[in-house]
Amino acid sequence: MDKLEFTACPICGRPLNGQSQCACGFDSPQPGCDVADFYLKIYQFALQVQRGEVNWHPDTICKDANAQQGVRICGLRPHGGISLVRPPQRRPVAVEYGVYSSSAVYAAIVDCDYLDCFFADESSVRIVFLGKNVQKISRLDDFETNHGFSVPMAYQDVHKDNPYFAVQANVLFNKSMTELVNYPGLCADSEYRVPKTVKRIASGAFATSRNLQRLYLPKAAIVEYGTILPSTEVIRY
Ligand SMILES: [Zn+2]
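Numbering that gives the first Met the number 0 puts the first residue of the sequence shown at 0, with every later residue one more than the last.
What follows is the structure in structure tokens.
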């Protein structure tokens, strides 16, 4: 497992000066901690931000001025390791491809209507919280079906009042549990059993799951080509 070294708070960027508790409230992991502990700490802090227990300012949004209908968020100016996207009032709101590219954001808390499955491409984002309005994760030119995320996630969570998505044991599903939308690619487990209710695996849902050696799939579940890595053995049950 990779070890981490850092001298500044990964959330707000203040120098740590040997202290673990930063002025922003983040209880930083010790230098040399492993990546899994690091993401767990960030996840726990992002959970507090998401619940409103920590005062965190929303990111500055760069909008697509040419959008005829609704608002397209085509860029973000995040100010720390956690990004809180509170979109403008005008709906629908879509978050585009690569809005976090080159940023030092680890956790994205996003409440839009449509989220591009490549939103975290070329970024540090490994934790995602879907707000209550998110209804589709896909390519913005194809909203017919859901699509798994392009980067391996460590943690994924959904607002309890979201009518479209649900999370069970860190795996993202549609609300009725008939579709598995995304498996967290950084999960260390070597096996996973897809719930019997699932009829469809979203395109790319397991495409980042390098640790997964065996996947138990319900017999009737439909899977598109390229969704499961060749290194994962599929067992139908
Ligand atoms: Zn800090």
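Quick reminder that beta carbons are idealized off the backbone N, C-alpha and C, glycines included.
Residue i, enclosing beta strand (DSSP E) - first and last residue
| i | result |
| --- | --- |
| L39 | Unbroken run through L39 is the alpha helix (DSSP H), V34 to Q49; no beta strand (DSSP E). |
| I108 | A106 to V109 |
| D156 | Y154 to V157 |
| Q167 | F164 to Q167 |
| N132 | No beta strand (DSSP E) contains N132, which DSSP labels as neither H nor E. |
| D188 | Careful: D188 lies outside any beta strand (DSSP E) and carries neither H nor E. |
| E178 | E178 to N181 |
| A93 | V92 to V94 |
| D115 | Y113 to D115 |
| L266 | With the chain covering 0 to 236 only, the question about residue 266 has no answer from this structure. |
Strand pairing of residue i, partner residues [DSSP]
| i | result |
| --- | --- |
| T59 | R76 |
| N239 | The structure shown does not extend to residue 239, since the chain spans only 0 to 236, so no value can be given for it. |
| S82 | A107 |
| V170 | Q167 |
| S202 | H146 |
| P14 | A7 |
Counted within 10 angstroms of its Cβ, other Cβ atoms place residue i as buried (16 or more) or exposed
| i | result |
| --- | --- |
| M0 | In this predicted model, M0 has a pLDDT of only 45, less than 50, meaning its place in the structure is not dependable; the value taken from the coordinates is given anyway. Answer is exposed; the Cβ neighbour count stays below 16. |
| A22 | exposed |
| Y236 | exposed |
| Y113 | buried |
| Q283 | Nothing can be reported for residue 283, as the shown portion of the chain is limited to 0 through 236. |
| R125 | buried |
Residue nearest to residue i in terms of C-alpha spacing, selected from the options
| i | options | result |
| --- | --- | --- |
| R50 | C11, K131 and K174 | K131 |
| S210 | L185, Y99, V104 and A7 | Reading the sequence as shown, one finds Asn at residue 210 and not Ser. With distances taken between Cα atoms, N210 lies closest to L185. |
| A93 | I41, V70 and L129 | V70 |
| R85 | C111, A45 and R13 | C111 |
| V98 | I81, I108, L75 and C116 | L75 |
| Y42 | C61, I81 and P77 | I81 |
| T59 | L46, Q68 and G79 | G79 |
| S149 | P57, I10, T207 and L39 | T207 |
Just checking, does the segment 191-203 make contact with the segment 218-226 on the three C-beta pairs under 8 Å criterion? Judged by Cβ distances under 8 Å, the segment 191-203 makes contact with the segment 218-226, as three or more pairs qualify.
Tell me, please, whether the segment 139-158 touches the segment 166-183 by the rule of three or more beta-carbon pairs shorter than 8 Å. The segment 139-158 and the segment 166-183 touch, with no fewer than 3 CB-CB distances between them shorter than 8 Å.
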